[in-house]
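Numbering (full-length UniProt numbering), first residue to last: 1 to 342.
Take a look at the structure:
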């Protein structure tokens, strides 16, 4: 891992297809939210949540690894990196039928969005046709579709859009000034460029980050500011709590205080009030009380199922029990308009 130092190149955001008026969030203003008394922060977050999601429903999304392990990147948190000895074996891409069986099971368990992830730096053109088939067939089941395949070229983003993909996931991971502590095999600008290609293809954006990687509170605020200042900001914002995997460089860090994670959810809700803020990796370690506080802070989407790529996730039945305890309803089936990818 490289030393904690600023990037040597300026960051430039791809121009959006349609500029929208949006509030800008300087890092100092985001940090001021983090620094609020906990009850005041929660009140602000819940107020923003109620104003924008009056139904108070929770979206259930299922994530399937369609290509596991063997990734050439050096992301310090990731057990799928080929250079780390984590016990994750490199496997070939799943057959289309296996993916469709998993999507059917997810739908029957109540999921409305099905996400397909591949451990690639970027997809090769020979892989695209198979992924496009998966997207078309999963969408035909009535599920929203999402993919995370690494960096995309413009034409690849357009091919996914033409296949009917709804969302593309590409996380910023952390603040620009902390990024080099975690990853050296791709630049922050590479991530912004991929997000630009995704937007220009007309796809919705799923983009968030990981907390608990040794970053400071200010750097967590820097991540949220980067996300909130995308124009438009992402429709889905997954907030991941680092799952430490033995063999990765980030294994052995002091764990993040659970209330700091709740604060991160609340600040994401306030700064991106119309986004689906998703509890993602790390939920298994949180327990019911912390998850309940996250829902109170404005989280309204979860990854639902027994596995999240290669790490454990609360099982579907446990999630149903918790949501019932909290009196939270789940999002209903999303009806796609004719000729639309939404």
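Glycine residues also receive a C-beta, built at the ideal position from the N, C-alpha and C atoms.
Contact annotation: residue 88 and residue 133 have beta-carbon atoms that are not nearer than 8 Å. Look at residue 180 here: in three-state DSSP terms it is coil, with no helix or strand label.
Bounds of the alpha helix (DSSP H) holding residue 258 are 258 to 271. Straight across, the Cα-Cα distance linking residue 165 with residue 145 is about 5 Å.
Note that the C-beta distance between residue 174 and residue 182 is below 8 Å. In this structure the segment 22 to 34 lies against the segment 259 to 279, because at least three pairs of beta carbons, one per stretch, are closer than 8 Å. Residue pairing by DSSP places residue 43 in no beta bridge whatsoever. Annotation: residue 233 to residue 94 spans about 32 Å, alpha carbon to alpha carbon. DSSP places residue 90 outside both helix and strand once states are collapsed to three, so it counts as coil.
A Cβ-Cβ distance of about 15 Å is found for the pair residue 172 and residue 212, leaving them out of contact under the 8 Å criterion. According to the DSSP assignment, residue 60 belongs to the beta strand (DSSP E) that extends over 59 to 67. Taking the Cβ atoms as the reference, residue 64 lies roughly 6 Å from residue 116, within the contact range of under 8 Å. The continuous beta strand (DSSP E) containing residue 303 extends over residues 301 to 303. Counting only residues of its own chain and dropping the five nearest sequence neighbours on each side, residue 328 has a CB closer than 8 Å to the CB of 56, 57, 58, 295.
The Cβ atoms of residue 240 and residue 280 lie closer than 8 Å to each other. Under DSSP, the beta-bridge partners assigned to residue 146 are 115, 167. Using a 10 angstroms sphere on the CB of residue 143, the tally of other CB atoms reaches 16 or more, which defines it as buried. Just measuring C-alpha positions, the residue of 198, 196, 176 sitting nearest residue 188 is 176.
Taking a cut-off of 8 Å on C-beta distances, the segment 103 to 114 does not touch the segment 77 to 84, as fewer than three cross pairs fall below it. Take the alpha-carbon of residue 286 and the one of residue 90: they are about 29 Å apart. Nearest in C-alpha terms to residue 121, of all of 92, 102, 151, 128, is 151. Taking C-beta separations shorter than 6 Å and ignoring five residues to either side along the sequence, the partners of residue 62 in its chain run 106, 111, 114, 304, 305, following chain order. In the DSSP annotation of this structure, the continuous segment of the beta strand (DSSP E) that includes residue 278 starts and ends at 276 to 279.
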